[in-house]
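For reference, the structure discussed in these notes is given below.
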Amino acid sequence: MERGLALQEQGRLREAEASFQAILHHDPAHADANNAMGTLAVAAERIDVAINYFTKALAAAPREVRYLNNLGNALALGGKPEEGVPYLERALQLRPSMYEALCNLGRALRKLGQAGRGLPYLERAAALRPAAPEAHLAWAEALTDLGRGEEAEPLYRAAIDKGGGRAAALYGLANCVRQTPDKNVLAEIEAAEAQLGAAEARAQRALLGYAAAKTCMDLQRPDAAFAHLQRAKAASRARYDMAQHEGRQKRLTGLFNPGFLKSRAGWGEPSELPVFIVGMPRSGTSLAEQILASHPEVHGAGELNYLHDIANQLLFSLGDGGLFVEKIVGLGPAETKALASTYLDKLAALAPGTPRRITDKMPHNFTFVGLVALLLPRARVIHMRRNPLDNCFSIYSNMFSTAHAYADDLATLGRYYRTYAALMDHWRRVLPGMILDVHYEDLVADQEAVTRRMLDFIGLDWHPACLEFFANARSVSTISRWQVRQPIYRTSIERWRPYERHLGPLVEALGDLAPA
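In my numbering, the protein residues as written are 17 to 532.
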C-alpha cells in the first residue's frame with residue numbers, strides 16, 4: 017500500500033495502479049486500496065469507475081471521513097450532486113473542520129443550484145486555510161452564480177495571490193463582470209499565456225484562451241476575439257463522432273413513430289409536475305427557466321441528468337444504439353410507470369414546499385422528447401429556438417465539456433445543428449400539442465406576451481414577478497448566469513455579424529438553415 021501511494025505521489029500512475037490491484041486481487045474489500053483506486057480513476061476522469069471504488073471503500077469502513085468525502089465529491093463530479101451532498105454532510109458531522117469536505121460540499125451545493133447554501137462552508141474553508149487558493153476560488157464561483165460578481169472579484173484575486181488556480185481565476189475574472197477599456201484583465205491573461213511552458217496542461221491554455229476571447233468580445237475587438245477562440249479550441253479540441261451521432265438520431269426517429277406512441281398511450285405517470293425546457297445550448301433556455309422560476313408556483317431545478325440516467329439504464333449510450341431500441345420496445349406499462357416514478361421522486365426532492373411545476377432545463381433533453389412522451393405523457397416541453405448563426409456562434413465562443421466536442425469545429429457544429437433541427441421537426445410531427453416553440457428573438461421583443469404564452473401552456477395563471485426575473489436571487493451555474501441577472505436586452509441578436517468573415521465553414525454546414 018505504501019509503495020503504491022509513493023508511486024502515485026511521483027505521478028507513476030500505472031505502477032501505482034498495479035500495486036493497488038495486487039492488494040485487491042488478494043482482498044477485494046480492502047478499504048484503502050479501493051479508495052486509492054478511486055482517486056486514480058478521478059485523475060483519469062473516469063468518474064463512474066471512481067464511484068464504484070469509493071462505494072466499496074465506504075462499505076468496508078462506513079465512518080471513515082476520507083471515504084465519505086471522496087464518494088460525495090465523485091458523485092457531484094459525476095453529475096449527481098443531490099446524491100453526493102449527504103455523504104459530504106456526514107463527513108463534516110464526523111469532522112467539522114475537514115477542509116476538503118467543506119470545499120467539496122460548497123461546490124456540490126453550487127452544482128445543485130444552491131450556491132447560497134454552500135457559501136458558509138466555503139467561507140469556513142477559507143478561514144481554516146487562509147493561504148490555500150481552492151476555497152477562495154470556489155467561493156468566488158459561488159458568488160458569481162448568485163449574480164454577485166463584484167464581491168467575487170477580490171476572491172479571484174486572492175486565489176491568484178495565493179499561488180493556485182491562476183488560469184481558472186483569470187477565467188472567472190473575465191466572466192464575473194463585463195470587461196471595459198478602463199478595467200479589464202486582457203494584459204494579465206496574455207502574460208499568463210506567455211508564461212505557460214510547453215508541458216503545461218492543455219486545460220490551462222484553453223481556460224486562458226476563452227477568458228481572452230470573452231474579454232475581447234466585451235471590448236468589441238472581434239478579430240482578436242476569434243484568434244483567441246481558435247487557440248482555445250486548439251488546446252481543448254476533442255474529436256466528435258458525427259457518423260455515430262447521426263446514426264443514433266436516425267434510430268430514434270424510426271423507433272418513436274406514431275404507431276409506437278399510439279400503442280403506448282396512457283402508459284407511465286400522468287403527472288403535470290415536470291416542465292422540460294430544451295433546445296441547443298445558448299438558445300435562451302436559462303432565460304426561459306429564470307422567467308418561469310420567478311413565478312411563485314414554479315421551482316427552477318436547473319440542468320438535471322435524471323432523464324439521461326434513465327436513457328443510460330436503457331443502454332442508449334452503448335455500442336451503436338441498437339440495444340436502446342430493443343430495451344424500449346420491451347418495456348411494459350409497469351416498467352414505464354416505475355421509471356417515471358423514479359424521475360418524479362428525484363425531481364420532487366429538489367424543490368422546497370409543493371410547487372405545481374418544476375422545470376428541468378437540460379438543453380440536450382431534446383434528444384429524449386420521445387422518452388418523455390412514453391414515461392410522462394402529460395409533461396410539457398418548451399423548446400427554445402434562436403437564430404441558428406447567433407446560436408451556433410455563441411456555442412462556439414464558450415467553453416463546454418468534452419461531451420460537447422461538436423462545438424470545437426465550425427463545420428461539425430453546423431452539421432450537429434442540422435441533426436438537432438431535424439429531430440425537433442420529427443417530435444413536432446409525432447407529438448402534436450406536447451411542445452411549445454419559443455423564439456428567443458420574440459421573447460426579447462415582447463417578454464410579457466411570450467411569458468403569458470409559456471405560462472398558459474404549462475397551465476399556470478399570470479404573475480407579474482415573471483417580468484422581473486432578473487431580481488430572482490436563485491443560483492444559476494450555467495454560462496448564462498450573468499445574462500439572467502439583467503433585464504431583457506437586444507445585444508445578443510445578430511451577435512454573429514462582426515465575426516461573419518470567420519464563419520464560412522459554419523454557414524456552409526448549416527445550408528438552408530443559415531439566415532440570409
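We put the beta carbon where it would ideally sit given N, CA and C, even for glycine.
Local conformation of residue i per DSSP, three classes
i: Thr-375; result: strand
i: Asp-257; result: coil
i: Ile-398; result: strand
i: Gly-316; result: strand
i: His-455; result: strand
i: Val-460; result: helix
i: Phe-292; result: strand
i: Asp-441; result: helix
i: Ile-39; result: helix
i: Gly-20; result: helix
i: Arg-164; result: coil
i: Val-385; result: helix
Same chain, Cβ closer than 8 Å to residue i, neighbours up to 5 away in sequence not counted
i: Glu-98; result: Leu-128, Lys-362, Ala-365, Leu-366
i: Ala-317; result: Gly-129, Leu-363, Leu-366, Ala-367, Ile-374, Thr-375, Asp-376, Lys-377
i: Leu-526; result: Pro-404, Leu-405, Cys-408, Gly-430, Tyr-433, Arg-434
i: Gln-165; result: At residue 165 the sequence reads Gly, which differs from the Gln that was named. Excluding residues within five positions, the ones whose Cβ falls inside 8 Å are Leu-159, Cys-192, Val-193, Trp-498.
Member of the options whose CA lies at the smallest distance from the CA of residue i
i: Ile-398; options: Ala-183, Gly-263, Ile-307, Lys-230; result: Ile-307
i: Leu-63; options: Lys-178, Gly-100, Phe-292; result: According to the sequence provided, residue 63 is Ile. The question's Leu does not apply to it. It is Gly-100.
i: Val-314; options: Pro-368, Leu-223, Val-294; result: Pro-368
i: Arg-218; options: Ala-208, Gln-211, Ala-190, Ser-252; result: Ser-252
i: Glu-116; options: Asp-177, Gly-94, Ala-131, Ala-142; result: Ala-142
i: Glu-288; options: Pro-197, Arg-372, Pro-480; result: Arg-372
i: Thr-196; options: Gln-236, Arg-401, Gln-329, Gly-132; result: Gln-236
i: Gln-26; options: Ser-410, Ala-38, Leu-56; result: Leu-56
i: Asp-177; options: Ser-508, Leu-153, Met-296, Ser-410; result: Leu-153
i: Pro-349; options: Ile-67, Ala-281, Asp-441, Ala-481; result: Ala-281
i: Ser-413; options: Phe-473, Leu-360, Ser-508; result: Ser-508
i: Gln-260; options: Tyr-432, His-244, His-324; result: Tyr-432
i: Thr-467; options: Cys-482, Asp-453, Glu-457, Met-400; result: Cys-482
i: Ser-279; options: Pro-312, Leu-212, Arg-444, Ala-389; result: Ala-389
Buried or exposed (CB count within 10 angstroms, at least 16 for buried), residue i
i: Leu-274; result: What sits at residue 274 in the sequence shown is Pro, not Leu. Exposed, because fewer than 16 other Cβ atoms sit within 10 Å of the Cβ of Pro-274.
i: Ser-310; result: buried
i: Met-470; result: buried
i: His-41; result: exposed
i: Met-233; result: buried
i: Arg-19; result: exposed
i: Gly-430; result: buried
i: Gln-11; result: The chain is shown only over 17 to 532; residue 11 falls outside these bounds and no answer can be derived.
i: Met-17; result: exposed
i: Ala-423; result: buried
i: Glu-516; result: exposed
i: Ala-34; result: exposed
For residue j and residue i, believed in contact at Cβ under 8 Å, the rounded distance
i: Pro-286; j: Arg-394; result: 5 Å
i: Leu-387; j: Ala-438; result: Their Cβ separation, rounded to whole angstroms, is 18 Å, which puts Leu-387 and Ala-438 out of contact at 8 Å.
i: Lys-72; j: Ala-45; result: 7 Å
i: Ile-205; j: Ala-227; result: 5 Å
i: Arg-405; j: Ala-530; result: Before going further, note that residue 405 is Leu rather than Arg in the sequence given. Confirmed, Cβ separation roughly 6 Å.
i: Gly-132; j: Glu-157; result: No, Gly-132 and Glu-157 are not in contact; Cβ-Cβ is about 13 Å, not under 8 Å.
i: Val-291; j: Arg-396; result: 5 Å
i: Arg-255; j: Ala-60; result: Incorrect: roughly 18 Å between the Cβ atoms, too far for contact.
i: Met-296; j: Asn-407; result: 5 Å
i: Gly-95; j: Asn-321; result: 4 Å
i: Leu-171; j: Trp-155; result: 5 Å
Neighbourhood of residue i by C-beta, 6 Å cutoff - its chain only, sequence neighbours within 5 removed
i: Ala-92; result: Gly-100, Ala-124, Lys-127
i: Glu-150; result: Cys-119
i: Asn-200; result: Thr-231
i: Gln-265; result: Thr-435, Leu-439
i: Val-523; result: Ala-530
i: Glu-167; result: Leu-159
i: Ala-229; result: Ala-241, His-244, Leu-245
i: Leu-110; result: Val-81
Sequence-distant residues of its chain with Cβ nearer than 7 Å to residue i (five each side left out)
i: Met-114; result: Val-81, Asn-85, Ala-107, Leu-108
i: Ala-77; result: Ala-47, Tyr-83
i: Val-446; result: Phe-272, Asn-273, Pro-274, Leu-277
i: Phe-36; result: Gly-20, Ala-49, Ala-52, Met-53
i: Ala-147; result: Lys-178
i: Pro-514; result: Pro-238
i: Ile-344; result: Leu-271, Leu-330
Heavy atom of the ligand HEM within 6 Å of residue i beta-carbon
i: Glu-313; result: This structure simply doesn't include the ligand HEM, nor any ligand for that matter.
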